[in-house]
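A.B. asks: Quick one: the structure is below, questions incoming.
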Ligand SMILES: NC(=O)c1ccc[n+]([C@@H]2O[C@H](COP(=O)([O-])OP(=O)(O)OC[C@H]3O[C@@H](n4cnc5c(N)ncnc54)[C@H](O)[C@@H]3O)[C@@H](O)[C@H]2O)c1
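Residue numbers (UniProt numbering): 1 to 325.
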């Protein structure tokens with residue numbers, strides 16, 4: 001269970017792209033705590049220097065401020081690297097509908113650059129962030145690998161393209177790639193600000209500041225909210241996975257189903273707030289229900305999420321109470 005017992009040999013080097021972002025900075029922290037060398041490549045377009053500033057004095061940590069759209073930068077960053085944990089991308093379904101060209105450049109071209117750089121440098125494993133959005137309009141639940149529908153956004157398309165390249169790079173060039181289809185990750189250091197912020201940190205911050213959060217639609221949409229520690233476990237287990245399970249993508253979630261409206265009232269209760277939300281219009285490109293079948297990751301990666309949604313939520317609320325302005 002979990003990742004505490006997973007070890008790599010001394011001097012193992014990890015490259016975390018997007019390491020100044022939410023998921024990336026949590027990965028960097030755990031890897032540094034375990035004593036490994038970590039290179040973080042991030043252009044700080046969405047990530048924050050504050051997320052990595054506590055690591056800057058660690059001799060095992062190197063920060064490269066660079067853009068994955070530049071192949072040379074990617075190649076330089078991969079020198080001497082054992083494992084790449086590729087998180088750099090632009091998130092947000094609605095933003096991708098506004099800016100499809102930018103998403104193509106960063107999420108598709110940038111990821112292809114990283115795969116190519118990993119290949120040229122003989123990296124052992126290329127683990128990359130995919131997304132539940134690849135299921136598109138597929139109505140069957142829970143979502144299962146191999147049963148994807150029509151895509152609903154440029155963001156989803158970029159993630160599917162990453163998976164196709166991942167498959168090809170394993171088949172054609174023998175680069176071990178593993179795609180992790182994250183389902184609504186939450187936890188410490190997730191950005192609560194801005195129009196495209198994820199709901200859990202956004203609602204917590206608004207409630208702490210006695211503001212009325214806006215729920216898109218009627219709140220009866222459901223999600224498989226996944227605590228960050230489970231995502232870290234998935235990344236480390238993917239690094240350890242055998243060559244035979246490469247070239248594929250895996251659902252990474254909690255395996256549960258939470259209705260947004262229930263999550264909202266749980267947050268109100270935990271924060272001692274009695275605030276009515278505002279119900280807004282349904283967001284374009286949004287999926288009504290999204291929960292995952294995680295049996296493939298369990299079977300082939302040995303993924304066993306340690307944290308339930310409720311445990312993760314309690315830890316997340318505690319962190320924001322201490323750290324939110
Ligand atoms: N958070 C979630 O719920 C979720 C769900 C599904 C998939 N994902 C995927 O997981 C990954 C990490 O997501 P996150 O929530 O930590 O997002 P984030 O925005 O917090 O982190 C992404 C990081 O990538 C960096 N970045 C963006 N463009 C870059 C570029 N051109 N060059 C170098 N760095 C660049 C940003 O500065 C940022 O620090 C992304 O690939 C995202 O699509 C996240």
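Even for Gly, the Cβ is constructed at its ideal location relative to N, Cα and C.
Is residue 96 a contact residue of ligand 3, with contact defined as CB to any heavy atom under 7 Å?
C.D. replies: Ligand 3 is not part of this structure, which contains only ligand 1.
A.B. asks: Thinking residue 83 and residue 201 are a contact (beta carbons under 8 Å), I'd like their distance in whole angstroms, please.
C.D. replies: Walking along the chain shown from the start, residue 83 turns up at place 83. Walking along the chain shown from the start, residue 201 turns up at place 201. At roughly 28 Å, the Cβ-Cβ gap does not stay under 8 Å, so residue 83 and residue 201 are not in contact.
A.B. asks: Can you name the start and end residues of the alpha helix (DSSP H) that residue 170 belongs to?
C.D. replies: By 1-based counting over the chain shown, the position of residue 170 is 170. Element bounds for residue 170: 154-173.
A.B. asks: Assuming residue 159 and residue 131 form a contact by the criterion Cβ under 8 Å, report the distance between their Cβ atoms to the nearest whole angstrom.
C.D. replies: The count along the chain shown starts at 1 and reaches residue 159 at position 159. The count along the chain shown starts at 1 and reaches residue 131 at position 131. Indeed they touch by this definition, with Cβ atoms about 5 Å apart.
A.B. asks: Tell me the DSSP secondary structure of residue 228 in three-state form.
C.D. replies: Residue numbering aside, residue 228 sits at position 228 when the chain shown is read from its first letter. Residue 228 falls in the helix class under three-state DSSP.
A.B. asks: Compare the C-alpha of residue 180 against each of 249, 11, 232, 151 and name the closest.
C.D. replies: Locating residue 180 in the chain shown gives position 180, counting from the first residue. Ranking the options by Cα distance to residue 180, first place goes to 249.
A.B. asks: Does the segment 181-201 come close enough to the segment 219-232 to have 3 or more Cβ pairs within less than 8 Å?
C.D. replies: They touch, by the three-pair rule.
A.B. asks: Exposed or buried, residue 43, counting other C-beta atoms within 10 Å across all chains shown (16 or more means buried)?
C.D. replies: Walking along the chain shown from the start, residue 43 turns up at place 43. Flag for residue 43 reads buried.
A.B. asks: Mind pulling the beta strand (DSSP E) runs of 3 or more residues that sit fully within the segment 74-132?
C.D. replies: The qualifying runs are 83-86, 125-131.
A.B. asks: Residue 206: which of 217, 191, 218, 79 sits nearest, CA to CA?
C.D. replies: One-based indexing of the chain shown puts residue 206 at position 206. Considering only alpha carbons, the answer is 191.
A.B. asks: Please classify residue 86: is it buried, with 16 or more other beta-carbons within 10 angstroms of its beta-carbon, or exposed?
C.D. replies: Mapped onto the chain shown, residue 86 falls at position 86. Buried, since its Cβ has 16 or more Cβ neighbours within 10 Å.
A.B. asks: What is the rounded straight-line gap between the Cα of residue 195 and the Cα of residue 10?
C.D. replies: Position 195 of the chain shown, counted from the first residue, corresponds to residue 195. Position 10 of the chain shown, counted from the first residue, corresponds to residue 10. In a straight line, the C-alpha of residue 195 is about 43 Å away from that of residue 10.
A.B. asks: Taking only beta-carbon positions, decide if residue 148 is within less than 8 Å of chain B.
C.D. replies: Looking at the structure shown, chain B is missing, and only one protein chain is on hand.
A.B. asks: Based on DSSP bridge pairs, tell me the residues matched to residue 251.
C.D. replies: The residue labelled residue 251 in the question sits at position 251 within the chain shown. DSSP output for residue 251 lists 181 as bridge partner(s).
A.B. asks: Counting pairs of Cβ atoms below 8 Å between the segment 94-102 and the segment 62-76, do you hit three or more?
C.D. replies: No, because fewer than three Cβ pairs between the segment 94-102 and the segment 62-76 fall closer than 8 Å, the two stretches do not touch.
A.B. asks: Kindly indicate the opening and closing residues of the beta strand (DSSP E) around residue 21.
C.D. replies: On the chain shown, residue 21 is found 21 positions in, with the first residue counted as 1. Per DSSP, residue 21 belongs to no beta strand (DSSP E) and is neither H nor E.
A.B. asks: Between the alpha carbons of residue 125 and residue 34, how many angstroms are there, rounded?
C.D. replies: Position 125 of the chain shown holds residue 125. Position 34 of the chain shown holds residue 34. The alpha-carbon atoms of residue 125 and residue 34 are separated by roughly 19 Å.
A.B. asks: So, for residue 52: in the same chain, excluding its five sequence neighbours on each side, which residues have a beta-carbon less than 7 Å away from its beta-carbon?
C.D. replies: By 1-based counting over the chain shown, the position of residue 52 is 52. Answer for residue 52: 19, 20, 25, 28, 40, 63, listed in chain order.
A.B. asks: Within 10 angstroms of the Cβ of residue 108, are there 16 or more other Cβ atoms? Answer buried if so, exposed if not.
C.D. replies: Counted from its first residue, the chain shown places residue 108 at position 108. Residue 108 should be labelled buried.
A.B. asks: In this structure, how does DSSP classify residue 239 when only helix, strand and coil are distinguished?
C.D. replies: Position 239 of the chain shown, counted from the first residue, corresponds to residue 239. Correct three-state label for residue 239: helix.
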